[in-house]
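Right, one structure below, let's go through it.
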Amino acid sequence: MFVEVVAPAPGSPPPRAARPPLGRRVVAGAQPYLYLAPALALLGVWTYRPLAQTVQLSFYSWNLLPSTPMTPVGLRNYQRLIDLPDLGQAAVRTVVVIVGLLPFSVVIPVLVGLVTRQVRDRARVVYQAMVFAPTLVAPVASAAVWQWLLDPGAGVVNKVLGTRLNWLHETGSAQFAIIVITGWSVLGFATLVVSAGLAGINGDYGEAAQLDGASRGQITRWITLPLLSPTLVFLVLMTVLLSAQWTFPLIDTLTQGGPARATTNVYYLLWDYSFHSYDAGLGAAAGVLLFAAFGLVAAGLVRLSERLSFHDD
Amino acid sequence: MTRPRTRAGIALALGLALATSGCGLGSTEARQTPAAARVPELGPDQKVSIVFESYNFGQAGAWTDTFNELIGKFRQAHPNITVTAQKPQGNSANPATDTIPSVQSQLAAGNPPDVAQLGFSDLDFTVHQLGAKPLDDLVGRDAVQANFAGAKHPYAASARTLGDWDGRTYGVPFVFSTPVLYFNASLFQQSGLDPANPPKTWAEVGAAAAKIKAATGKDGAYLDCLTKEAKDWCFQSLVRSNGGRVLSADRKSLTFADEPAVEVVRLAQDLVKSGVSPKLAQKQGYEAFARGDIGMILETSAVQATFVKGAQGKWDLRSTTMPSFAGKPVVPTNSGASLFVFAGDPAKQRAAWELIRFLTSETAYVTISSKIGYLPLRTGLVDDPDGLKEWAAKNPLVRPNLDQLAHMEPWVSFPGANYLQIRDGMMDAVENAVYQGADPQATLSAARDRAASLVPGGVR
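Sequence order for the protein chains is C and U. Per UniProt numbering, the first sequence runs over residues 1 to 313. Per UniProt numbering, the second sequence runs over residues 1 to 460.
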């Protein structure tokens, strides 16, 4: 059955609202920016201004004392950084730490997340709380406990392994210990992120594939992991950009960058220059170089994630 | 309706003001600090409050208790002066390493502690960069010297000038030790060594350590002088005792890669390589000795209380003077700290001086030595029946320190704003060679070459 509808008369323009006065239009246009202004101002004050000051400071020699003048030294701080082997060695160690942490922040969490998908209800909550617990322990407190565990004489680790190794004071094992302890503390956080990522995947895909005869391994390989890729890229990004910061409190408490600088990564070096040796200019120059390097790495990773990630749109 | 909004507005404005006012960089123009003028005595009713910063307040147990007791006594003696005691800002395991950054950040905020206890290794920096007030100008050279002379017992001659720079007194030496060889007499006996006749030279130390290792399976000897954490006071003593220096007498060139220093490092490396000296960090080292797991340790008396506590009822703790390098005289150096004045206000400066006088008085040293075990810098006290005679008779552990005070030389601070980079670079190299097996000469030379440009007015 059809109902006849009167067609609009051709030629008559659609009704239009009257143009508001210019003043009000400016106010209306500015409104979103006004809402944003406080956030932008704080961002500028807390992030971009210090950044600009760091760049400025990197061309001076200054020991952070208000009574001491800042002496302009041009590019000498950068020259010193390049001449000294410290920065290059620290950068290599930073890469070692990042690579060493990837299993803890990506591989193990994914395995654990996949295996424990079947855990349900209250057991799930309890299990997640237990996995997350190490992340909640203050790093300095856990460092103190690990120091006892790793003690060469009375430490539990040596007793269990039957070794007599002074873990934190041998060049070989110190870095390894720092990586494992850091990994232990970030594992819970990463596992939680992976669980959240898995929970966000629509179960329909898996069920459909199962109906078509796909095995569980095939579902994991061809459906779950691709859908999880944004989460994985996020974790890799976090590890690359933050691992040097995650390790910092542990290094500061356990090894102070030693033995023989074996655990001095770029962040610790930067801190050491600025706040231990009071060479603020050198520290700032190292900071600027780092900022540039990590900026490039981050940009690369973000682009990679755009291309690699499979979005469930 | 408007009120919360106004408040939020005020909070935002305050936040912004705070955010934008602080965190500026320094000035590029040199600032002239005015010479400190003589400060008047306090009036009879003049109330002053001062802040005293000491790392001893960050060390639990005997240290904190003793210092609180002293401050309490000072309040009784000077009711008009209120002293607020504080530990350095920071969270290092060893609060003594936080002292300079703490004073520095408070200076940056324009509010330094009025009196601060700072190490001798920081002396050059404290005088030239932090701007400690010259006491000779504040209260007059006579008053400073009168305090050193004391009411009854003067300061040991070698201790008086440790806080001086170019003949002027900036700091009053307060607590320090010289390197003392503590040894476990029980382990000595078990190994067939005579505890009444402890090693006198480093060669003898090596032999005794090997015997202990062979007989008991415990470690032989640990020198708390060879890591970055230990700083360089005791390494300087080893190098001086071997006829060398780490810094030339004119403070212009670094000499820690010269033969005497390299020899010291090589000897220490041999002790570690041969297995008679354990590969331990500073704290692990003295804790292991306190547990009775090491035969000998070269150490400051600052940790003597730990040893006494660990040894009590378990093993026999004894001490002797620092061993020598065969045929060369032992040159002990001092660890420790002086008291400096940073107050800007004349009344506070006077009150600060009163506090320093009190803390370095005979009565204060009686308390400090008997409660903590630290060396009384007014050495006469140990022979005074009203002072520490009885205590010294009961505590023979203090003897080596008293004997070494006579021929002690000061712990030399490295020059310039980057003094810590020089010191830590040197100690990094020492640690790397001794405990990680790097070549002593090559490592020390490399450290010297890298640090040479940091010495003001130095030549490469």
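Backbone N, C-alpha and C define an ideal beta-carbon position, used for all residues, glycine too.
At the 9 Å Cβ level, is Thr161 (chain U) part of the contact set with chain C, yes or no?
Residue numbering aside, residue 161 (chain U) sits at position 161 when the second sequence is read from its first letter. So, not an interface residue.
Alpha-carbon spacing of Phe183 (chain U) relative to Phe120 (chain U), whole angstroms
Within the second sequence, numbered from 1, the residue matching residue 183 (chain U) stands at position 183. Within the second sequence, numbered from 1, the residue matching residue 120 (chain U) stands at position 120. The straight-line gap from Cα to Cα measures roughly 27 Å.
Quick check: the Cα distance between Pro440 (chain U) and Ala452 (chain U), rounded to an integer number of angstroms?
Position 440 of the second sequence, counted from the first residue, corresponds to residue 440 (chain U). Position 452 of the second sequence, counted from the first residue, corresponds to residue 452 (chain U). Straight-line Cα distance between these residues: approximately 18 Å.
Run through the stretch 274–349 of chain U for me and flag every whole alpha helix (DSSP H) of 4 or more residues, listed as ranges in chain order.
282–291 and 304–311, all fully within the stretch 274–349 of chain U.
Take Ser319 (chain U) and list the residues in its own chain whose beta-carbon comes closer than 6 Å to its own, dropping the five residues that flank it on each side.
As a first step, residue 319 (chain U) must be located in the second sequence, where it is residue number 319. Result list for Ser319 (chain U): Val180, Tyr182, Leu397 and Pro400, in chain order.
With DSSP collapsed to three states, give me the class of Asn56 (chain U).
Start at 1 with the first residue of the second sequence, and residue 56 (chain U) comes out as number 56. Three-state result, Asn56 (chain U): helix.
On the DSSP letters alone, give me the boundaries of the alpha helix (DSSP H) that Asn28 (chain U) sits inside.
Walking along the second sequence from the start, residue 28 (chain U) turns up at place 28. The question names Asn, but residue 28 (chain U) is Thr in the sequence shown. Membership of Thr28 (chain U) in any alpha helix (DSSP H) is not indicated, and neither H nor E is assigned to it by DSSP.
Return the first residue and the last residue of the beta strand (DSSP E) that Asn184 (chain U) is part of.
Translated into the one-based positions of the second sequence, residue 184 (chain U) becomes position 184. Counting along the chain, Asn184 (chain U) sits inside the beta strand (DSSP E) bounded by residues Val180 to Asn184.
Does the Cβ of Leu254 (chain U) have 16 or more other Cβ atoms within 10 Å, making it buried, or fewer, making it exposed?
In the second sequence, counting from the first residue as 1, residue 254 (chain U) sits at position 254. When all chains shown are included, Leu254 (chain U) counts as buried.
Shortest alpha-carbon distance to Pro323 (chain U) belongs to which of U:Ile297, U:Lys389, U:Gln269 and U:Thr84?
Residue mapping note: residue 323 (chain U) aligns to position 323 of the second sequence, counting from 1. Ranking U:Ile297, U:Lys389, U:Gln269 and U:Thr84 by Cα distance to Pro323 (chain U) puts U:Ile297 first.
Which residues, taken in chain order from the stretch 279–310 of chain U, show a beta carbon closer than 8 Å to some beta carbon of chain C?
Those would be Lys279, Leu280, Ala281, Gln284, Ala288, Arg291 and Asp293, in chain order.
Same chain, Cβ closer than 7 Å to residue 478 (chain U), five either side skipped, listed in chain order:
Only positions 1 to 460 of chain U appear in this structure, which leaves residue 478 (chain U) out of reach.
Would you tell me roughly how many angstroms separate the C-alpha atoms of Val137 (chain C) and Leu187 (chain C), rounded to the nearest one?
The residue labelled residue 137 (chain C) in the question sits at position 137 within the first sequence. The residue labelled residue 187 (chain C) in the question sits at position 187 within the first sequence. When rounded, the distance between both Cα atoms is 12 Å.
Chain C beta carbons: is any one of them nearer than 9 Å to that of Lys133 (chain U)?
Sequence index remark: in the second sequence, residue 133 (chain U) carries index 133 (1-based). No, no contact with chain C.
Where does His153 (chain U) land, buried or exposed, given buried means 16+ other C-beta within 10 angstroms?
Counting from one through the second sequence, the residue named residue 153 (chain U) turns up at place 153. His153 (chain U) comes out buried.
Chain C within 9 Å of Thr28 (chain U), Cβ atoms only:
On the second sequence, residue 28 (chain U) is found 28 positions in, with the first residue counted as 1. By this cut-off, Thr28 (chain U) is an interface position.
Using a beta-carbon distance below 9 Å, is Thr227 (chain U) in contact with chain B?
Structure shown: chain B not included; protein chains present are C and U.
Distance, Lys371 (chain U) Cα to Gln145 (chain U) Cα
In the second sequence, residue 145 (chain U) corresponds to position 145, counting from 1. In the second sequence, residue 371 (chain U) corresponds to position 371, counting from 1. Taking the straight line from one Cα to the other gives about 27 Å.
Where Phe174 (chain U) sits in the DSSP three-state scheme:
As a first step, residue 174 (chain U) is located in the second sequence; it is residue number 174 there, counting from the start. Strand at Phe174 (chain U).
Three-state secondary structure (DSSP) at Tyr119 (chain U)?
As a first step, residue 119 (chain U) is located in the second sequence; it is residue number 119 there, counting from the start. Reading off the sequence, residue 119 (chain U) comes out as Gly, not Tyr. Note: Gly119 (chain U) maps to strand in three-state DSSP.
Start and end of the alpha helix (DSSP H) containing Leu51 (chain C)?
Looking up residue 51 (chain C) in the first sequence gives position 51. First-last of the alpha helix (DSSP H) with Leu51 (chain C): Arg49 to Leu57.
Ignoring anything shorter than 4 residues or poking outside the stretch 208–269 of chain C, list the alpha helix (DSSP H) runs there in chain order.
With a minimum length of 4 residues, the continuous alpha helix (DSSP H) runs that stay inside the stretch 208–269 of chain C are 216–219 and 225–254.
Check whether chain C comes within 9 Å of Gln59 (chain U), counting only Cβ atoms and requiring the distance to be less than that.
By one-based count along the second sequence, residue 59 (chain U) stands at place 59. Residue-level contact check: Gln59 (chain U) does not touch chain C, since none of the beta carbons of chain C fall below 9 Å from its beta carbon.
Looking at the C-beta of Val297 (chain C), does it have a partner C-beta in chain U at a distance below 9 Å?
The residue given as residue 297 (chain C) occupies position 297 in the first sequence. Not closer than 9 Å to any Cβ of chain U, the Cβ of Val297 (chain C) fails to qualify, so no.
Quick check on Gly88 (chain C): does DSSP put it in helix, strand or coil?
For this step, residue 88 (chain C) is matched to residue 88 along the first sequence. For Gly88 (chain C), the secondary structure class from DSSP, reduced to helix, strand or coil, is helix.
Chain-ordered chain U contacts of Gly162 (chain C) [CB-CB under 8 Å]
By 1-based counting over the first sequence, the position of residue 162 (chain C) is 162. Ordered by position in chain U, no residue passes the 8 Å Cβ test against Gly162 (chain C), which lies about 17 Å from the chain.
Does DSSP put Ala138 (chain C) in a helix, a strand or coil?
Walking along the first sequence from the start, residue 138 (chain C) turns up at place 138. Three-state DSSP puts Ala138 (chain C) in coil, outside helix and strand.
Residue range of the unbroken beta strand (DSSP E) whose run includes Thr379 (chain U)
Taking the first residue of the second sequence as position 1, residue 379 (chain U) is located at position 379. Counting along the chain, Thr379 (chain U) sits inside no beta strand (DSSP E), nor does DSSP assign it H or E at all.
Quick one: Cα of Trp63 (chain U) to Cα of Val430 (chain U), how far?
Counting from one through the second sequence, the residue named residue 63 (chain U) turns up at place 63. Counting from one through the second sequence, the residue named residue 430 (chain U) turns up at place 430. Within the model, the alpha-carbon separation for Trp63 (chain U) versus Val430 (chain U) is close to 31 Å.
At 7 Å on the CB atoms, spell out the chain C contacts of Gln421 (chain U), in chain order.
Translated into the one-based positions of the second sequence, residue 421 (chain U) becomes position 421. Under the 7 Å cutoff, chain C gives Ser277 and Asp279.
Does any CB atom of chain C fall closer than 9 Å to the CB of Pro88 (chain U)?
Sequence index remark: in the second sequence, residue 88 (chain U) carries index 88 (1-based). No, Pro88 (chain U) does not count as interfacial toward chain C.
In terms of residue numbering, what span does the alpha helix (DSSP H) encompassing Gln104 (chain U) cover?
To locate residue 104 (chain U), count along the second sequence from 1; it is residue 104. Here the alpha helix (DSSP H) through Gln104 (chain U) covers Thr99 to Ala108.
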